[in-house]
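S.K.: Residue numbers (this note's numbering): 5 to 242.
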C-alpha cells in the first residue's frame, strides 16, 4: 500500500539533491557575475544549495551510518518493543498497525486452538509471534492469569486493549466451545476494516504528495526566475 508514496518520496529526494548540488550552483555563478540584488527566496535556496554541496558526502555518510546502526539494533527486543509501541501511537498509521496486530492475534489463536494445542502453549506461541506493542503486552499478562486457572475472557475484562467486538467474540467462543470460529470471524471483520483504512489512507496520500511536489517545483522556479526577471528589467531600462 505504501509502495507508490515511497517511490514518489524517493524520487523527490533524489531530484532535490540533484538540483541543489548540480543545477543551483550554475545559477549562483550567473547571479554573482551580474551583481543582481537577490530576493529572499533566492538567497535561502542558494544557502541551502551551498550547504548541501559543501557537506554532501558528510550527509550521505551520516545517513548511511544511521541506516547501518538501525539495521544492527533492530533485532534487539528493547528496540523492537519501543518501535512497536511507537508505531501504535502514530496519528495516521497507528490504528492500522494496531488493527493489524489484532488480526494477527485472532488468526494465530484460532489456528492453534483448532489444531488442538494446549491453551498455555497456544498463548505462549502467539505471544512470541505477535508484533511488539500493546496487544503483545496484554497477552503476556493474560497468559500469566490463565496459568492460575482464569478464563481468557475474565483475564481480558476491563483491560480495554482489544476492540470490544474481539472481546465479545472471545466470550461467546468460550461459552460455546467454538473460540476458533468466533476468532476467525473477528479476524475477517478487522482484516476488512484494515483493508478499507489502507485504501482511504493511500487515496488521501496521492493528492497530498501531488501538492507537495507542486509546491516544491513552484518554490524552486520562483527562487530562480525572480532574479532573472530583475536582470531583464535592468537590461530593458538600459
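By construction, the Cβ of each residue, glycine as well, lies at the ideal position given by its N, Cα and C atoms.
All values reported here derive from a predicted model rather than from experimental measurement.
Quick check on the DSSP output: what are the complete alpha helix (DSSP H) runs of length 4 or more inside the region 10 to 68, in order along the chain?
M.R.: 28 to 38, 44 to 58, all fully within the region 10 to 68.
S.K.: Do residue 227 and residue 45 have their CB atoms nearer than 8 angstroms?
M.R.: Yes. Within cutoff.
S.K.: Pop quiz: residue 126 and residue 116 are said to be a contact at Cβ under 8 angstroms. What is the actual Cβ separation, rounded to whole angstroms?
M.R.: Between residue 116 and residue 126 the Cβ distance is about 4 angstroms, and since that is below 8 angstroms, they are a contact.
S.K.: Closer than 7 angstroms by C-beta to residue 151: which residues in its own chain qualify, once you throw out the five before and the five after it? Chain order, please.
M.R.: Counting only Cβ-Cβ distances below 7 angstroms, and skipping sequence neighbours, we find 124.
S.K.: Span of the alpha helix (DSSP H) holding residue 165?
M.R.: It is not in any alpha helix (DSSP H) - residue 165 carries neither H nor E in the DSSP assignment.
S.K.: Below 8 angstroms, how does it come out for the region 93 to 108 and the region 67 to 76: are there three or more Cβ pairs, yes or no?
M.R.: Touching, no.
S.K.: Relative to the alpha-carbon of residue 63, which residue among 163, 111, 199, 25 has its alpha-carbon at the smallest distance?
M.R.: Taking only the C-alpha atoms, the option nearest residue 63 is 25.
S.K.: In the DSSP assignment, find the alpha helix (DSSP H) that holds residue 152 and state where it starts and stops.
M.R.: Neither: residue 152 is in no alpha helix (DSSP H) and is coded neither H nor E.
S.K.: Assign residue 80 to one of three DSSP states: helix, strand, or coil.
M.R.: Coil.
S.K.: Going by the CB atoms, is the gap between residue 161 and residue 173 shorter than 8 angstroms?
M.R.: Not closer than 8 angstroms, so no.
S.K.: For residue 92, which residues of its own chain have a beta-carbon under 7 angstroms away from its beta-carbon, when the five flanking residues on both sides are left out?
M.R.: Answer for residue 92: 98, 101, 102, 137, 138, listed in chain order.
S.K.: Spell out a yes or no on whether the region 163 to 180 and the region 82 to 91 are touching, meaning 3 or more CB-CB pairs, one atom from each, closer than 8 angstroms.
M.R.: As far as the Cβ criterion goes, the region 163 to 180 does not touch the region 82 to 91, which means the pair count is below three.
S.K.: Please report how far the alpha carbon of residue 10 lies from the alpha carbon of residue 199, in whole angstroms.
M.R.: Between residue 10 and residue 199, the C-alpha separation is close to 19 angstroms.
S.K.: Report the CB separation of residue 49 from residue 231 in whole angstroms; it is logged as a contact under 8 angstroms.
M.R.: Wrong, their Cβ atoms sit about 10 angstroms apart, outside the cutoff.
S.K.: If I follow the unbroken alpha helix (DSSP H) through residue 109, where does it start and stop?
M.R.: Here the alpha helix (DSSP H) through residue 109 covers 98 to 118.
S.K.: Contact check, residue 185 vs residue 157 under 8 angstroms by CB: the rounded distance?
M.R.: The pair is not a contact, with the Cβ atoms about 15 angstroms apart (cut-off 8 angstroms).
S.K.: So, for residue 35: in the same chain, excluding its five sequence neighbours on each side, which residues have a beta-carbon less than 7 angstroms away from its beta-carbon?
M.R.: Correct list, in chain order: 42, 231.
S.K.: Which term fits residue 4, buried or exposed, when burial requires 16 or more other beta carbons within 10 angstroms of its beta carbon?
M.R.: The requested residue 4 does not occur in the structure, where the chain is confined to residues 5 to 242.
S.K.: Is residue 93 helix, strand or coil when you go by DSSP?
M.R.: Correct three-state label for residue 93: coil.
S.K.: For a quick check, are the C-beta atoms of residue 134 and residue 165 less than 8 angstroms apart?
M.R.: Taking 8 angstroms as the Cβ cut-off, residue 134 and residue 165 do not qualify as a contacting pair.
S.K.: Rounded to the nearest angstrom, what separates residue 217 and residue 7 at their Cα positions?
M.R.: Answer to the nearest angstrom: the Cα atoms are 17 angstroms apart.
S.K.: Would you mind stating whether residue 114 and residue 187 have Cβ atoms separated by less than 8 angstroms?
M.R.: In contact: residue 114 and residue 187 (Cβ atoms closer than 8 angstroms).
S.K.: Can residue 191 and residue 118 be called in contact, C-beta distance under 8 angstroms?
M.R.: It is not a contact, given that the beta carbons lie outside the stated cut-off.
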